[in-house]
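Peer 1: Mind looking over this structure? Questions follow.
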Amino acid sequence: MLSAGIVGLPNVGKSTLFNAVTRTHKAPAENYPFCTIDPNVGVVSVPDPRLEKIAAISHSKKIVPTAIQFVDIAGLVKGASAGEGLGNQFLHHIREVDAIVQVVRCFENSEVHHVSGTIDPIRDIEVINTKLALADLASLQKRRDRLHKPLHAGDKTAKIENVIVEKLLTHLDAGKPAITAELTPEEKAIARGFFLLTSKPTIFACNVSEFALVAISKGDSSNPAARYVDLVQEYARYHFATEAIVISAQIESELVDLSEQEALEYLCGLGVEDTGVHAL
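Note that the sequence shown covers residues 138 to 417 in this note's numbering.
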């Protein structure tokens, strides 16, 4: 089963998004850092209309949709890459998942404290990415040190692995994630065994307010959140060759206890077709 870790700085909406995706109230979502310490885990079925067509052709009596396990990981903090405080736990939990959903705060709210005091989505993203990259650099440097003896002994496998390690170190030193490194299919297969954090597929989730989501849905680019979203989407494309979606975790959390019909009526009343969770 594919697992996706929900990560981000404290107070960006990770636990609220987790509750929305899993349609539970399992994760506490409070207005203070570290209300989540141990990760919350939930399994979500992913509807796929193609399954119904396949079932009709094959006359299958039972349809089993794909499931994804979401893990709500506590917020990363300064020093996490060095294992300070709860840093080792954070990095360990991220290492265990297959993909990363990085929640980025794109909403202004004086009542919800930001650990840095101001809203700056790109700064926040780079705090997370730097910590993951530093952990990967340390891991690769240790691997390179271990290759020293077999390299001098003329070990062919060690030579191949060392070439990959050097490529990845150069790539990471340039501020780029391992997932975008130019490796051959054979090199990628070997690199998968390195279990690098920045080699995991990543999606950025721009968490906006209810008002901002409505404005963005209507194409209103004058809303401050729209500018934040544009910045994150550009960053995601340029640095990760990936996507950034727009969500309103707060709206989704309000839909958790509603029936599907009630949720649709609520969204229609706001003029919103989708809050982003389905896209995620």
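Cβ coordinates follow ideal geometry from the N, Cα and C atoms, glycine included.
Among all the DSSP beta bridges, which residues are the ones paired with Asn-246?
Peer 2: Indexing the sequence shown from 1 puts residue 246 at position 109. Per DSSP, none; premise fails for Asn-246.
Peer 1: Should the region 257-272 be called in touch with the region 142-157, which here means at least 3 C-beta pairs below 8 Å?
Peer 2: These segments touch.
Peer 1: Note down the Cα distance separating His-229 from Glu-402, rounded to an integer number of angstroms.
Peer 2: Indexing the sequence shown from 1 puts residue 229 at position 92. Indexing the sequence shown from 1 puts residue 402 at position 265. Their backbone Cα atoms lie some 41 Å apart in a straight line.
Peer 1: For Gly-150 and Ala-381, what's the separation of their Cα atoms in angstroms?
Peer 2: Taking the first residue of the sequence shown as 1, we reach residue 150 at position 13. Taking the first residue of the sequence shown as 1, we reach residue 381 at position 244. Going by the C-alpha atoms only, they are around 15 Å apart.
Peer 1: DSSP on Val-369, reduced to helix/strand/coil?
Peer 2: Taking the first residue of the sequence shown as position 1, residue 369 is located at position 232. Helix, per DSSP.
Peer 1: DSSP on Ile-340, reduced to helix/strand/coil?
Peer 2: Looking up residue 340 in the sequence shown gives position 203. Ile-340 falls in the strand class under three-state DSSP.
Peer 1: To the nearest angstrom, how far is the alpha carbon of Pro-202 from that of Val-180?
Peer 2: Counted from its first residue, the sequence shown places residue 202 at position 65. Counted from its first residue, the sequence shown places residue 180 at position 43. Cα to Cα, the separation comes out at about 12 Å.
Peer 1: Select from Arg-187, Ile-256, Ala-157 the residue whose C-alpha is nearest the C-alpha of Val-178.
Peer 2: Residue 178 sits at position 41 when you count from the first residue of the sequence shown. Cα-wise, what sits closest to Val-178 is Ala-157.
Peer 1: By the three-class DSSP mapping on this structure, what secondary structure does Phe-348 have?
Peer 2: The sequence position of residue 348 within the sequence shown is 211, counting from 1. Phe-348 falls in the helix class under three-state DSSP.
Peer 1: Going by C-alpha distance, which of Ala-270, Lys-268, Leu-271, Glu-303 is nearest Leu-284?
Peer 2: Translated into the one-based positions of the sequence shown, residue 284 becomes position 147. Looking at the Cα atoms, Glu-303 is the closest of the given residues.
Peer 1: So for Ala-400, helix, strand or coil by DSSP?
Peer 2: If you number the sequence shown from 1, residue 400 lands on position 263. Three-state result, Ala-400: helix.
Peer 1: Once you ignore the five residues that flank Val-252 on each side, which residues in its own chain have a CB closer than 7 Å to its CB?
Peer 2: Position 115 of the sequence shown, counting from 1, holds the residue named residue 252. Excluding positions up to five away in sequence, the list reads Leu-146, Pro-147, Asn-148, Pro-170.
Peer 1: Mind checking Cys-405: buried by the 16 CB within 10 Å criterion, or exposed?
Peer 2: Residue mapping note: residue 405 aligns to position 268 of the sequence shown, counting from 1. Exposed, by the Cβ-count rule.
Peer 1: Using beta-carbon positions only, say whether Asp-209 and Phe-155 come within less than 8 Å of one another.
Peer 2: If you number the sequence shown from 1, residue 209 lands on position 72. If you number the sequence shown from 1, residue 155 lands on position 18. It is a contact, given that the beta carbons lie within the stated cut-off.
Peer 1: Have a look at Thr-173 and Gln-239 and give me their C-alpha separation to the nearest angstrom.
Peer 2: Counted from its first residue, the sequence shown places residue 173 at position 36. Counted from its first residue, the sequence shown places residue 239 at position 102. Here Thr-173 scores only 46 on pLDDT, less than 50, and its place in the model should not be relied on; the value that follows carries that caveat. So the two alpha carbons sit approximately 16 Å from each other.
Peer 1: Ala-386 to Val-300, Cα distance in whole Å?
Peer 2: Here residue 386 refers to the residue found at position 249 when the sequence shown is read from its first residue. Here residue 300 refers to the residue found at position 163 when the sequence shown is read from its first residue. The straight-line gap from Cα to Cα measures roughly 43 Å.
Peer 1: Are there 16 or more other CB atoms within 10 angstroms of the CB of Ile-353, so buried, or fewer, so exposed?
Peer 2: What you label residue 353 is simply residue 216 of the sequence shown in a count that begins at 1. Result: buried.
Peer 1: Mind checking who Ala-141 pairs with in its DSSP beta bridge?
Peer 2: In the sequence shown, counting from the first residue as 1, residue 141 sits at position 4. Note: Ala-141 sits in a beta bridge opposite Phe-207, Ala-236.
Peer 1: CB-CB under 8 Å to Ser-140, same chain, minus the five flanking residues each way: which ones, in chain order?
Peer 2: To locate residue 140, count along the sequence shown from 1; it is residue 3. The answer, listed in chain order, is Ile-205, Gln-206, Phe-207, Val-208, Glu-233, Val-234, Asp-235, Ala-236.
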